[in-house]
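Colleague: Here it is, the structure in full.
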Amino acid sequence: MNWTAVGAIYRFEMSRFFRTLLQSFISPVISTSLYFVVFGAAIGSRIDEVEGVSYGAFIVPGLVMLSVITQAISNASFGIYFPKFIGTIYELLSAPINFLEIVAGYVGAAATKALFIGIVILITASLFVPMRIEHPFAMLAFLLLTCLSFALLGFILGIWASNFEQLQLVPLLVVTPLVFLGGSFYSISMLPGIWQKIALANPVVYLISGFRWSFYGLADVPIAVSLLAIAAFTGICLAVIWWIFRTGWRIRD
Amino acid sequence: MTAMVEISDARKVYDGGFEALKGVSLSIEKGEILALLGPNGAGKTTLISCICGIAVPTGGQIRVGGHDVVRDFRKARSLVGLVPQEVNLEPFEKVWNTVRFTRGVFGRPRDDAHLEDILRRLSLWEKRYAKINELSGGMKRRVLIAKALSHDPEVLFLDEPTAGVDVELRRDMWRIVADLKAAGTTIILTTHYIEEAEAIADRIGVISRGSLMLVEEKDALMTRLGRKELRIELQEPLDAVPPQLSEFDLSLEEDGRVLVYSYDTGAERTGIGRLMTRMTEADIVLRDVRTRQNSLEDIFVDLVHDTGTDAA
Ligand SMILES: Nc1ncnc2c1ncn2[C@@H]1O[C@H](COP(=O)(O)OP(=O)(O)OP(=O)(O)O)[C@@H](O)[C@H]1O
Ligand SMILES: [Mg+2]
Chain A
38 MNWTAVGAIY RFEMSRFFRT LLQSFISPVI STSLYFVVFG AAIGSRIDEV EGVSYGAFIV
98 PGLVMLSVIT QAISNASFGI YFPKFIGTIY ELLSAPINFL EIVAGYVGAA ATKALFIGIV
158 ILITASLFVP MRIEHPFAML AFLLLTCLSF ALLGFILGIW ASNFEQLQLV PLLVVTPLVF
218 LGGSFYSISM LPGIWQKIAL ANPVVYLISG FRWSFYGLAD VPIAVSLLAI AAFTGICLAV
278 IWWIFRTGWR IRD
Chain B
214 MTAMVEISDA RKVYDGGFEA LKGVSLSIEK GEILALLGPN GAGKTTLISC ICGIAVPTGG
274 QIRVGGHDVV RDFRKARSLV GLVPQEVNLE PFEKVWNTVR FTRGVFGRPR DDAHLEDILR
334 RLSLWEKRYA KINELSGGMK RRVLIAKALS HDPEVLFLDE PTAGVDVELR RDMWRIVADL
394 KAAGTTIILT THYIEEAEAI ADRIGVISRG SLMLVEEKDA LMTRLGRKEL RIELQEPLDA
454 VPPQLSEFDL SLEEDGRVLV YSYDTGAERT GIGRLMTRMT EADIVLRDVR TRQNSLEDIF
514 VDLVHDTGTD AA
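For the record, the sequence lines run as chains A and B.
All residue numbers for the first sequence refer to our numbering, where the first residue is 38 and numbers rise by one.
All residue numbers for the second sequence refer to our numbering, where the first residue is 214 and numbers rise by one.
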């Protein structure tokens, strides 16, 4: 591995992030606060508790996941799509680095940014609702794996996309619905019978369930299944990346 | 002399099925300047892309510094710097960051003093904290060069470095190229300005429709293919070329005051002696004689024009 090169890409991407640090901070803080106002106050006044946890606190893990997943995908997909779009990709292609090093730099940076925003949201949330984290290590592991795997997914998307519409289409049509329907704001057990079964086909359910378990010890599905699911998802993304690496697909002429 | 870049039978068929390189073979010596000429779409950029790793050749073999550009890409590419034809730069990035980035992705440790030296040589030092979109077009081109030089490449590719650049900057560019050559860098440049190739290249290659039409020492090329003009200034103007001189390829210019004889410098006999004798016999008095060497431009146009008719 050419770590100097990976570091150069990572630093370059992070500097873009730090240049707009205020924006990077403010937008998740505002949107989280809005969620609390809307969901916590409006809905929470009707559903005061879910399985013994106040509704406001219950939605925190889901909110964090929602932002982390969206941020990881958009950062990574944009990070690699942008050089393709403006042509600076020539530099990466002519450098003595391989595809996996490019992936490490971009995905590492995108995952870091998503992690940073996840933490900002957690801190903001703790100002609104009493929170507890029963399994901090599991919480961190879930958070890290989610940042990483969705940054990988975003990278694949950015490599695949040949225009801005495609870049936005997948998050809009696939990821956001899955995340919203994945139990960010409710427990799967609150759904009517058949929908519970259908919901289990949504991979994000396992993520959010596992993540919520690490906070309150509550889970829709067994924690082992959640871990397996996120590991499998990361594995699939890595396999696709490897396949792209082997075939040179859509990168070099 | 050792070959720095060795291209043997390089071929490139693009995904759409278009054959952009039809078996190009070329060897470039260490420390020389090779200029590649050729009309739009000839395959110059494609050839450079195949050497630098932007495109994957679909046939043949390319080596840089003895390393295969596909199998041994790390070693090959770390020797190469590329200034692309298009000005591809991130608009909101600072000059300093983008140059540092390039050095980094080429795996070289941070060296601010070296980058300062490069930026100073390219008159970009004052602009180091400017954003790319605050620079003029010529400055952007120099940023591209600074990036390409940031990791001390042994081989530098300049794809039309002076396209759309003013005369002064073009001279600057030539000076930079001359300095690099003096420092031992091998340089391959493409250009549409023949006077540029004439001014700085050691050797000239001409590509047309994916094939290398010729590669030759510039001087040899100019003598071999060059035609010279003998311009004879006359004491008394003539109305027409006298019939006694009809065996020569002559024309009258400047209201009949100058007789122009064009001849092939490569021919066994130039015919000048005989022309002089005939002129004396015809009682034509000459006042002055000058010769003019045809430029590469004429050679180039002839060459590309000839292939055009061959293919038709
Ligand atoms: N990515 C690509 N896919 C398909 N065809 C391509 C691609 N890039 C170039 N070509 C074709 O290959 C041919 C050679 O193009 P190339 O860019 O190498 O020409 P060039 O000699 O650099 O021309 P110019 O002087 O205009 O820069 C052209 O016909 C071009 O249309
Ligand atoms: Mg070109």
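Think of the CB as a built atom: it goes at the ideal place given N, C-alpha and C, for glycine as much as any other residue.
As the structure is a prediction and not an experimental result, all values here were calculated from the model.
If you measure from the beta carbon of A/Asn112 to each beta carbon in chain B, is any gap under 8 Å?
Modeller: A/Asn112 does not count as touching chain B.
Colleague: Is B/Lys257 near ligand 2, with its Cβ less than 7 Å from a heavy atom?
Modeller: The answer is yes for B/Lys257.
Colleague: Return yes when at least one heavy atom of ligand 2 lies under 7 Å from the C-beta of B/Thr315, else no.
Modeller: No, ligand 2 has no heavy atom inside 7 Å of this Cβ.
Colleague: Just how far apart, CA to CA, sit A/Phe95 and A/Ser163?
Modeller: Each residue's Cα considered, the two are about 12 Å apart.
Colleague: Mapping the DSSP letters down to three states, classify B/Lys243 as helix, strand or coil.
Modeller: In the structure shown, B/Lys243 sits in coil (DSSP, three-state: anything other than H, G, I, E or B).
Colleague: Any idea what DSSP makes of B/Gln506, helix, strand or coil?
Modeller: Correct three-state label for B/Gln506: strand.
Colleague: Identify the contact partners of A/Arg83 in chain B, using a Cβ-Cβ distance below 7 Å as the criterion.
Modeller: What A/Arg83 touches in chain B: nothing, since even the nearest Cβ is about 47 Å away.
Colleague: Go to B/Gly279, then tell me how far its beta strand (DSSP E) extends in each direction, as first and last residue.
Modeller: Looking at the DSSP string, B/Gly279 is not in any beta strand (DSSP E), and its letter there is neither H nor E.
Colleague: Against B/Asn346, what residues of chain A qualify as contacts under a CB-to-CB distance less than 7 Å, listed in chain order?
Modeller: Simply none; closest approach about 11 Å.
Colleague: Compare the Cα-Cα distances from A/Ser68 to each of A/Thr161, A/Phe122, A/Gly116 and A/Ile123 and report the closest residue.
Modeller: Cα-wise, what sits closest to A/Ser68 is A/Thr161.
Colleague: For A/Ile46 and chain B, any beta-carbon pair shorter than 8 Å?
Modeller: Output row for A/Ile46: interface = yes.
Colleague: What in chain B is Cβ-close to A/Asp257, meaning under 8 Å?
Modeller: Within chain B, no residue comes near A/Asp257; the closest Cβ sits about 44 Å away, beyond 8 Å.
Colleague: Looking only at C-alpha atoms, which of B/His405, B/Phe314, B/Ser464 and B/Val428 sits nearest to A/Ile46?
Modeller: Checking every option, the nearest Cα to that of A/Ile46 belongs to B/Phe314.
Colleague: Please work out which residues of its chain come closer than 6 Å, Cβ to Cβ, to B/Ile445, disregarding the five sequence neighbours upstream and downstream, and give them in chain order.
Modeller: Contacts found: Leu472, Leu499 and Val502.
Colleague: Run down chain A in chain order and give the residues with a C-beta less than 9 Å from the C-beta of B/Pro322.
Modeller: Going along chain A in sequence order, the residues near B/Pro322 (Cβ under 9 Å) are Thr41.
Colleague: Note down the Cα distance separating B/Ala524 from B/Arg422, rounded to an integer number of angstroms.
Modeller: Unreliable positioning characterises B/Ala524 in this predicted model, as indicated by a pLDDT of 41, which lies under 50. The coordinate reading is nonetheless provided below. Their Cα atoms are separated by approximately 10 Å.
Colleague: Looking at the strands, I want to know which residues DSSP matches up with B/Lys307.
Modeller: Paired residue(s): B/Lys344.
Colleague: Could you tell me which residues DSSP pairs with B/Val471 in its beta bridges?
Modeller: Per DSSP, B/Glu446 and B/Glu466.
Colleague: Would you call the CB atoms of A/Ile106 and A/Phe187 closer than 8 Å?
Modeller: For A/Ile106 and A/Phe187, yes; Cβs fall inside 8 Å.
Colleague: In whole angstroms, what is the alpha-carbon distance linking B/Trp338 and B/Met352?
Modeller: Spanning the two alpha carbons is a distance of roughly 11 Å.
Colleague: So, helix, strand or coil for B/Arg388, using DSSP?
Modeller: Helix.
Colleague: Report all residues from its chain with a CB closer than 7 Å to the CB of A/Ile260; omit the five preceding and five following residues, and keep chain order.
Modeller: The answer, listed in chain order, is Gly247 and Trp250.
Colleague: Please give me, in chain order, every unbroken run of the alpha helix (DSSP H) with length at least 4 that falls completely inside the stretch 112 to 171 of chain A.
Modeller: As far as the stretch 112 to 171 of chain A is concerned, its whole alpha helix (DSSP H) runs of at least 4 residues are 126 to 131 and 136 to 165.
Colleague: In this structure, what does DSSP give as the bridge partners for B/Gly350?
Modeller: Its beta-bridge partners do not exist; DSSP assigns none.
Colleague: Rounded to whole angstroms, what's the CA-CA distance from A/Gln292 to A/Ile84? Just pull it up for me.
Modeller: Coverage of chain A is limited to positions 38 through 290, which leaves residue 292 of chain A absent and any answer about it impossible.
Colleague: Quick one: is A/Lys234 buried, meaning 16 or more other Cβ sit within 10 Å of its Cβ, or exposed?
Modeller: Result: exposed.
Colleague: Flag A/Ser61 as yes if its beta-carbon sits less than 8 Å from any beta-carbon of chain B, otherwise no.
Modeller: Not an interface residue.
Colleague: Mapping DSSP to helix, strand and coil, what is A/Ile245?
Modeller: In this structure, A/Ile245 counts as helix in the three-state DSSP scheme.
Colleague: Residues in the same chain with beta-carbon distance under 6 Å from A/Leu215, minus the five sequence neighbours each way, listed in chain order, please.
Modeller: Asn239 and Val241, listed in sequence order.
Colleague: For B/Thr403, list the residues DSSP reports as bridge partners.
Modeller: BP columns for B/Thr403 point to B/Leu249 and B/Asp372.
Colleague: Between the stretch 276 to 295 of chain B and the stretch 362 to 375 of chain B, do at least 3 Cβ pairs fall closer than 8 Å?
Modeller: Yes, the stretch 276 to 295 of chain B is in contact with the stretch 362 to 375 of chain B.
Colleague: Figure out for me which residue from B/Glu306, B/Ile420 and B/Ala433 has the closest Cα to the Cα of B/Val356.
Modeller: Nearest option by C-alpha distance: B/Glu306.
Colleague: Report the neighbours of B/Tyr342 on chain A: residues whose CB is nearer than 7 Å to its CB, in chain order.
Modeller: Simply none; closest approach about 13 Å.
Colleague: Counting contacts by CB-CB distance shorter than 8 Å, is B/Thr522 in contact with chain A?
Modeller: With a pLDDT of 43 at B/Thr522, under the threshold of 50, the modelled position of this residue cannot be trusted, and the question is left open.
Colleague: If the cut is a Cβ gap below 9 Å, which residues of chain A does B/Ser291 touch?
Modeller: Residues of chain A passing the Cβ test: Ala132 and Pro133.
Colleague: Suppose the cutoff is 7 Å on Cβ atoms and the five residues either side in sequence are ignored; what does the same chain contact list for A/Ser104 look like?
Modeller: Pro65, Ile154, Gly155 and Ile158, listed in sequence order.
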